[in-house]
Amino acid sequence: MSMDMKYYKWPDSTELPYAYAADGSQDAFILPGLALMTGAEVQAHIERVTAPPVPTADSERQWRDTELAALVWLRDRHRDQLEIGAVTTLTVEQFTDLLVYMQKLRDWPQSEGFPMVEQRPVPPEWIADLPL
């Protein structure tokens with residue numbers, strides 16, 4: 025927020041502040057009942073609206089479900105290739121890595137670090153190199 029402005033709020037409200045020119049040129053437009061915000065209140069407002077969103081259990085479960093759904097085709101293709109005796113696209117190690125990662129995703133909501141984004145299961149590096 026600019027320092028060439030003064031900020032007002034409704035008392036006992038968490039709504040967005042009202043900004044007016046600090047030089048007084050807009051004072052006629054200041055609504056009756058608005059309270060001038062202190063520098064600390066302005067700073068607290070800035071910190072509140074610019075803070076990164078805190079992950080919720082629901083949002084992390086949704087992320088996990090999306091990740092799992094995006095991998096099912098890869099697992100199924102490998103299983104199908106094995107069933108018909110075709111050469112598999114994935115190596116045995118890659119398929120194991122895939123299954124382990126998918127299990128970690130399923131276990132994620134019960135993990136100690138859940139729902140913190142930085143504690144999410146990490147996919148095997150080779151998955152990022154796949155042509156999707």
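Per this note's numbering, the very first residue in the sequence shown carries number 25; after that it's consecutive. Ideal Cβ placement from N, Cα and C applies to all residues, glycine included. Owing to the predicted nature of the structure, the values given are computational and were not obtained by experimental measurement.
(1) Between which two residues does the beta strand (DSSP E) containing A81 stretch?
(2) Leaving out the 5 sequence neighbours to the left and right, which residues in its chain are closer than 6 Å to M29 when beta-carbon positions are compared?
(3) Output yes or no for whether 8 Å exceeds the beta carbon distance between R88 and W132.
(4) Evaluate contact between the segment 47-59 and the segment 108-115, counting only Cβ atoms and requiring at least three cross-stretch pairs below 8 Å.
(5) At the level of alpha carbons, what is the spacing between T120 and I70?
(6) Please report the distance separating the alpha-carbon of T115 from that of E39.
(7) Applying the criterion that 16 or more other CB atoms from any shown protein chain within 10 Å of the CB defines a buried residue, is E84 buried or exposed?
(8) Are P145 and L123 touching if we call contact CB-CB under 8 Å?
(9) Going by the beta-carbon positions, is the gap between P139 and P79 smaller than 8 Å?
(10) Exposed or buried, what is P41 when buried is set at 16 or more other beta-carbons lying within 10 Å of its beta-carbon?
(11) Note down, one range per segment and in chain order, each alpha helix (DSSP H) of at least 4 residues found wholly within the segment 33-64.
According to the structure shown:
(1) Working through the sequence shown from its first residue, we reach residue 81 at position 57. No beta strand (DSSP E) contains A81, which is instead part of the alpha helix (DSSP H) from 81-107.
(2) Residue 29 sits at position 5 when you count from the first residue of the sequence shown. So the list reads A43, A46, once near-sequence residues are dropped.
(3) Residue 88 sits at position 64 when you count from the first residue of the sequence shown. Residue 132 sits at position 108 when you count from the first residue of the sequence shown. The answer is yes: Cβ separation under 8 Å.
(4) no
(5) Translated into positions along the sequence shown, residue 120 becomes position 96. Translated into positions along the sequence shown, residue 70 becomes position 46. Distance between the alpha carbons of T120 and I70: 47 Å.
(6) The residue you call residue 115 lines up with position 91 of the sequence shown. The residue you call residue 39 lines up with position 15 of the sequence shown. Rounded to the nearest angstrom, the two C-alpha atoms are 56 Å apart.
(7) Counting from 1 along the sequence shown, the entry for residue 84 is found at position 60. Classification of E84: buried, given that the 10 Å Cβ count is 16 or more.
(8) Reading the sequence shown from its first residue, position 121 is the one you call residue 145. Reading the sequence shown from its first residue, position 99 is the one you call residue 123. Contact flag unset, no.
(9) As a working note, residue 139 is residue 115 in the sequence shown. As a working note, residue 79 is residue 55 in the sequence shown. Yes.
(10) Residue numbering aside, residue 41 sits at position 17 when the sequence shown is read from its first letter. Buried.
(11) none
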